[in-house]
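Visitor: This structure is in structure tokens; I'll ask about it shortly.
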Amino acid sequence: MKLKYLLSVILPLSLYSLNLSAVQAASQRCQPSLIIPAHSPAPAASKTEQTTPPSKQTIESDSLNQPSKATYLFEGNAILKQPGLVVSSDQITFDKTQQTAQFSGDVELRQDKLLIQADHAQLNQALQTTQLEKTRYQILPSRIHGRAKVVDIDDTSHQTILTDASLTACKETPAHAPDWKLSFETLKIDNAAQRAIGHNTVLRFKRVPIFYTPYFDYPLNDRATGLLFPKTGSYKSITQTKSLQYIALPYFFNIASNIDDTLTLIPMTQRGLALDNEFRYLGQNGRINHRTSLKTTVLQDTLEADQTRWRASINAQQNWGGGFSSDIIWHEVSDENFFADIPVETHLQTVTQTARRLAVNYRQEGLHAYARLMDTLRLRNAPLNYEKWPELGINYTHQSENLGYSLHADATEFILPDVTHTKPEALRVHLSPQVSYNTRNSYSHVTAQMIANQTQYQMHDNGYNTTGSNSHTRFIPQFAVRAGLIFERNFAFSGQDYTQTLEPEIQYLYTPYEDQSNLPLFDTANRSLAFSNLFALNRFTGSDRIGDANQVSTALTTKLLDAKGRQLAQAGIGQIHYLDDRRVALTGTSLQTDTASDIFITAGINYSSLYFSTTVQMAQKTGLLTNANSRLKYETKQHSNVMLTHTLQNNGTLSEIETLSLGAYTQIHNDWQVGAYSNYDIRNQQVRETRFGLRYDSCCWATEIVAEQTQLENGLYNDSIKIQFELKGISTPDNAFKKDLNRRFNF
Numbered sequence: 038m039k040l041k042y043l044l045s046v047i048l049p050l051s052l053y054s055l056n057l058s059a060v061q062a063a064s065q066r067c068q069p070s071l072i073i074p075a076h077s078p079a080p081a082a083s084k085t086e087q088t089t090p091p092s093k094q095t096i097e098s099d100s101l102n103q104p105s106k107a108t109y110l111f112e113g114n115a116i117l118k119q120p121g122l123v124v125s126s127d128q129i130t131f132d133k134t135q136q137t138a139q140f141s142g143d144v145e146l147r148q149d150k151l152l153i154q155a156d157h158a159q160l161n162q163a164l165q166t167t168q169l170e171k172t173r174y175q176i177l178p179s180r181i182h183g184r185a186k187v188v189d190i191d192d193t194s195h196q197t198i199l200t201d202a203s204l205t206a207c208k209e210t211p212a213h214a215p216d217w218k219l220s221f222e223t224l225k226i227d228n229a230a231q232r233a234i235g236h237n238t239v240l241r242f243k244r245v246p247i248f249y250t251p252y253f254d255y256p257l258n259d260r261a262t263g264l265l266f267p268k269t270g271s272y273k274s275i276t277q278t279k280s281l282q283y284i285a286l287p288y289f290f291n292i293a294s295n296i297d298d299t300l301t302l303i304p305m306t307q308r309g310l311a312l313d314n315e316f317r318y319l320g321q322n323g324r325i326n327h328r329t330s331l332k333t334t335v336l337q338d339t340l341e342a343d344q345t346r347w348r349a350s351i352n353a354q355q356n357w358g359g360g361f362s363s364d365i366i367w368h369e370v371s372d373e374n375f376f377a378d379i380p381v382e383t384h385l386q387t388v389t390q391t392a393r394r395l396a397v398n399y400r401q402e403g404l405h406a407y408a409r410l411m412d413t414l415r416l417r418n419a420p421l422n423y424e425k426w427p428e429l430g431i432n433y434t435h436q437s438e439n440l441g442y443s444l445h446a447d448a449t450e451f452i453l454p455d456v457t458h459t460k461p462e463a464l465r466v467h468l469s470p471q472v473s474y475n476t477r478n479s480y481s482h483v484t485a486q487m488i489a490n491q492t493q494y495q496m497h498d499n500g501y502n503t504t505g506s507n508s509h510t511r512f513i514p515q516f517a518v519r520a521g522l523i524f525e526r527n528f529a530f531s532g533q534d535y536t537q538t539l540e541p542e543i544q545y546l547y548t549p550y551e552d553q554s555n556l557p558l559f560d561t562a563n564r565s566l567a568f569s570n571l572f573a574l575n576r577f578t579g580s581d582r583i584g585d586a587n588q589v590s591t592a593l594t595t596k597l598l599d600a601k602g603r604q605l606a607q608a609g610i611g612q613i614h615y616l617d618d619r620r621v622a623l624t625g626t627s628l629q630t631d632t633a634s635d636i637f638i639t640a641g642i643n644y645s646s647l648y649f650s651t652t653v654q655m656a657q658k659t660g661l662l663t664n665a666n667s668r669l670k671y672e673t674k675q676h677s678n679v680m681l682t683h684t685l686q687n688n689g690t691l692s693e694i695e696t697l698s699l700g701a702y703t704q705i706h707n708d709w710q711v712g713a714y715s716n717y718d719i720r721n722q723q724v725r726e727t728r729f730g731l732r733y734d735s736c737c738w739a740t741e742i743v744a745e746q747t748q749l750e751n752g753l754y755n756d757s758i759k760i761q762f763e764l765k766g767i768s769t770p771d772n773a774f775k776k777d778l779n780r781r782f783n784f
């Protein structure tokens, strides 16, 4: 009697049609009750025991009768046992000749991962069939459960048919129906073909039918092809004054274990139907790994005179083995307003450009060589930036005891995508070998560096070469020595041991002056605010300018460490003292005569639920704040967090920028969560973006509403509302607002 076969045919129904990770993550209060008590009383000492050869099965009961020569009647606490399986009922009738067993009266089946209750069960070992009537089953440990009027199992064909069946991951009591339930007129499970075929399937939510399909066919051993939950909302593009409504209806195709495709229909008011598709591939062959995502969208836009609008993008990473790898991030669109008008890739809705890259890398110990194409997809009102077509580079490092050797070399072709431009283009070759000496111990460190910067420009004959020559060569050496000490003191506070450090640091940097005013500017700018820039070897980023320097940088930093060496807090102050005037500038030859830089201050806390960091730049003469960058995150054990960023640039100048971003998310009840986000332009006193999210998250289902207002370039605002609905166990919990909040602050 192959009762154990029940496990192999009923388990796939739940294990592969539902998302168990979501169910298993639920708290104890959310789990459905066991249909059979986990610690049911052990059967009383059996008065009779019958072994039924040749199988390793035993049947126990309070009494045993033998109505005929081949028939055995077990009554009262009748229990059939075999390895990994226990079946109990009020009565078991075993026919040795027919090789059948009848179970009647409170039939209960227990296995490690399966519980079944039935009014009646009949097994035929000769025909290898099983039939259970009025069944209730439950899968462990997820506790997903369901019912079936009749379960017919055919062991020879490896098929099971459930008639009038249901399935849910929700709690169910006599007074409370499950929040959602799948119902099937019939469900055939073909264990040999690893397929499940359902007829007249209905999905009910709060007893209301919300989805019906007359037929579906999905795999038992993998992700299932089928509809995903829709999203709906409204939005207003920069080209419109009224909001448009849309609904996104995704359909998932499980092509193979490592290949899938999601086709989404997006009907939009006025614009028509957009088709959005995402193809994903994940492959591995030995040491070769591939990960690819290909997205396409097409729309016959009825609002734009039936204009065909489209986008395509690819995001792929490959590891070819032997140190070789590659990656590509590329976007193409039919027009510059595509992302502003169509609700796909909503994070690109208000941007003017997005980066694109194609790269091939080779890495071995101490060696990195690369070839790249880098440019931007220009959207509306995009600035005209240089593109790298291509950039070839190599980085090599070698350490021999205290001596270090390194080499950086790159060759970059800088071009402009707009044929109407009036700027120079060129091939730039930059070579930067370096020799360093390092010594370090527990209380000090010293590093001395010598660098030789060699740069050559070969200008293009495009009619806009304003540099005065077809080629330029520049050689600038650099010398730097940096040293620091570490003082420590141990102390105890409130019964805890701590260590405080005091770390003075000094660096001397010398870079001779070289007139670079006739060289083009391709990828060079002033450095952004960072405390580490006190010890940077060049006050500019990129290779087009190497600043002259005869300076001494000093800094004093203190850190607070716990007994395990974890940093709880830190603070620092530093300044650069100039021994000569600085003459190299981004443009022109403006002489900088200050004898000292602005004062840089940094502070940070990383303790328990609080994270805070700030770096400020204060004018050396006036003490006024010129630049600042601060970040804060506070998170409680009650699932609440507050995040804040503040940025100030060029305070008191015409190019001043000051913004404040504030986000918060909290659980106001067991089932209710609320969040808000705002980005405010302090200088112009304008709210750039506001978002509000409300989420109801019960044991069995969740819904989320996000209202958003984003400032557009024309001074108007895009008001949008997005609604998302989830049935736990069928769909993966998303919590889109919280994910987006963390992405924006990037903590």
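In short: position in the sequence shown from 1, add 37, done, that's the working numbering.
C-beta atoms are modelled at their ideal positions from N, C-alpha and C, and glycine is treated no differently.
Please read all numbers here as calculations on a predicted model, not as lab measurements.
Mind checking which residues open and close the alpha helix (DSSP H) that includes Asn-783?
Guide: Taken as a continuous stretch (DSSP letters only), Asn-783 belongs to no alpha helix (DSSP H), as it is neither H nor E.
Visitor: Less than 8 Å between the beta carbons of Thr-301 and Pro-287, yes or no?
Guide: In this structure, Pro-287 lies closer than 8 Å to Thr-301 by Cβ.
Visitor: Along the chain, where does the alpha helix (DSSP H) containing Asp-378 start, and where does it finish?
Guide: Taken as a continuous stretch (DSSP letters only), the alpha helix (DSSP H) holding Asp-378 covers 375-378.
Visitor: Just to confirm before moving on: does the CB-CB distance between Ala-665 and Val-679 stay below 8 Å?
Guide: No, they are not a contact pair.
Visitor: Tell me which residue opens and which closes the beta strand (DSSP E) that Phe-516 is part of.
Guide: Residues 508-522.
Visitor: Quick check: the segment 401-409 against the segment 423-434, are at least 3 beta-carbon pairs closer than 8 Å?
Guide: Judged by Cβ distances under 8 Å, the segment 423-434 makes contact with the segment 401-409, as three or more pairs qualify.
Visitor: Under 6 Å Cβ to Cβ from Gly-235, same chain only, skipping five residues before and after it: list those, please.
Guide: Excluding positions up to five away in sequence, the list reads Phe-221, Leu-224 and Phe-253.
Visitor: Give the range of the beta strand (DSSP E) segment to which Gly-609 is assigned.
Guide: Run containing Gly-609: 604-615, per the beta strand (DSSP E) assignment.
Visitor: Measure the alpha-carbon distance for Glu-525 versus Gly-602 and round it to whole angstroms.
Guide: One C-alpha to the other measures close to 12 Å.
Visitor: Could you tell me whether the segment 536-550 touches the segment 502-522, where touching means 3 or more Cβ pairs closer than 8 Å?
Guide: Yes: at least three Cβ pairs fall under 8 Å.
Visitor: Please state if the CB of Thr-651 and the CB of Ser-667 are separated by a distance shorter than 8 Å.
Guide: For Ser-667 and Thr-651, yes; Cβs fall inside 8 Å.
Visitor: Rounding to the nearest angstrom, what Cα-Cα distance links Asn-314 and Trp-709 in this structure?
Guide: Cα to Cα, Asn-314 sits roughly 33 Å from Trp-709.
Visitor: Indicate whether Gln-786 and Ile-636 have their beta-carbon atoms separated by less than 8 Å.
Guide: Any question about residue 786 goes unanswered here, given that the chain covers just 38 to 784.
Visitor: Compare the beta carbon distance of Thr-389 and Arg-417 with 8 Å and say whether it is the shorter of the two.
Guide: Yes; because the gap between Cβ atoms is below 8 Å, this pair is in contact.
Visitor: Give me the Cβ distance between Ile-379 and Trp-357, rounded to the nearest whole Å; I'm assuming they're in contact under 8 Å.
Guide: Rounded, the Cβ-Cβ distance is 35 Å, inconsistent with contact.
Visitor: Give, in chain order, every unbroken run of the alpha helix (DSSP H) that is at least 4 residues long and sits entirely within the segment 295-341.
Guide: Taking only runs of at least 4 residues, no alpha helix (DSSP H) segment lies wholly in the segment 295-341.
Visitor: What first and last residue would you give for the beta strand (DSSP E) that runs through Asp-756?
Guide: Its beta strand (DSSP E) spans residues 754-764.
Visitor: Go through its chain and collect everything with a Cβ distance to Arg-23's Cβ below 6 Å, but skip five positions before and after it.
Guide: Here the chain comprises residues numbered 38 to 784, so residue 23 is not present and cannot be evaluated.
Visitor: Using 8 Å for Cβ pairs, my map puts Arg-728 next to Asp-718. What's the rounded Cβ distance?
Guide: Actually they do not touch by this definition, with Cβ atoms about 16 Å apart.
Visitor: Are there 16 or more other CB atoms within 10 angstroms of the CB of Phe-774, so buried, or fewer, so exposed?
Guide: By the neighbour-count rule (16 or more Cβ atoms within 10 Å), Phe-774 is buried.
Visitor: Out of Leu-122, Thr-630 and Leu-410, which one is the CA nearest neighbour of Arg-619?
Guide: Arg-619 has its Cα closest to that of Thr-630, out of Leu-122, Thr-630 and Leu-410.
Visitor: In terms of alpha-carbon separation, which member of Phe-140, Ala-448 and Ser-125 lies closest to Asp-132?
Guide: Nearest option by C-alpha distance: Phe-140.
Visitor: So, for Ile-1: in the same chain, excluding its five sequence neighbours on each side, which residues have a beta-carbon less than 6 Å away from its beta-carbon?
Guide: Nothing about residue 1 can be reported from this structure: the residues present for the chain run from 38 to 784 only.
Visitor: Which two residues bound the contiguous beta strand (DSSP E) that contains Tyr-714?
Guide: Where Tyr-714 is concerned, the enclosing beta strand (DSSP E) stretches over 709-718.
Visitor: Where do the ends of the beta strand (DSSP E) carrying Tyr-272 lie?
Guide: Looking at the DSSP string, the run of the beta strand (DSSP E) that includes Tyr-272 is 268-272.
Visitor: Please classify Ile-705 as buried or exposed, where buried requires at least 16 other C-beta atoms within 10 Å of its C-beta.
Guide: When all chains shown are included, Ile-705 counts as exposed.
Visitor: Shortest alpha-carbon distance to Leu-240 belongs to which of Phe-784, Leu-681, Leu-764 and Arg-780?
Guide: Taking only the C-alpha atoms, the option nearest Leu-240 is Leu-764.
Visitor: Can you tell me where the beta strand (DSSP E) holding His-195 begins and where it ends?
Guide: Per DSSP, His-195 belongs to no beta strand (DSSP E) and is neither H nor E.
Visitor: In chain order, what residues of the same chain lie with their CB nearer than 6 Å to the CB of Phe-559, ignoring the 5 residues before and after it?
Guide: Here the set comprises Tyr-423, Phe-451 and Asp-581.
Visitor: Return the CA-CA distance between Tyr-442 and Thr-484, expressed in angstroms with no decimal places.
Guide: Those two C-alpha atoms are separated by around 13 Å.
Visitor: If I measure Cβ to Cβ from Asn-499 and keep anything under 8 Å in the same chain, skipping five residues before and after, which residues do I get?
Guide: Contacts found: Pro-461 and Glu-462.
Visitor: Determine the contact status of Ala-567 and Thr-578, defining contact as a CB-CB distance below 8 Å.
Guide: No, Cβ-Cβ distance for Ala-567 and Thr-578 is not below 8 Å.
Visitor: Along the beta strand (DSSP E) that carries Gln-355, what are the first and last residues, could you check?
Guide: Its beta strand (DSSP E) spans residues 344-358.
Visitor: Under three-state DSSP, which class holds Lys-776?
Guide: Note: Lys-776 maps to helix in three-state DSSP.
Visitor: Going straight from the alpha carbon of Leu-647 to that of Ser-677, what length do you get?
Guide: Spanning the two alpha carbons is a distance of roughly 12 Å.
Visitor: Give the secondary structure of Leu-385 by DSSP, where H, G and I count as helix, E and B as strand, and everything else as coil.
Guide: Helix, per DSSP.
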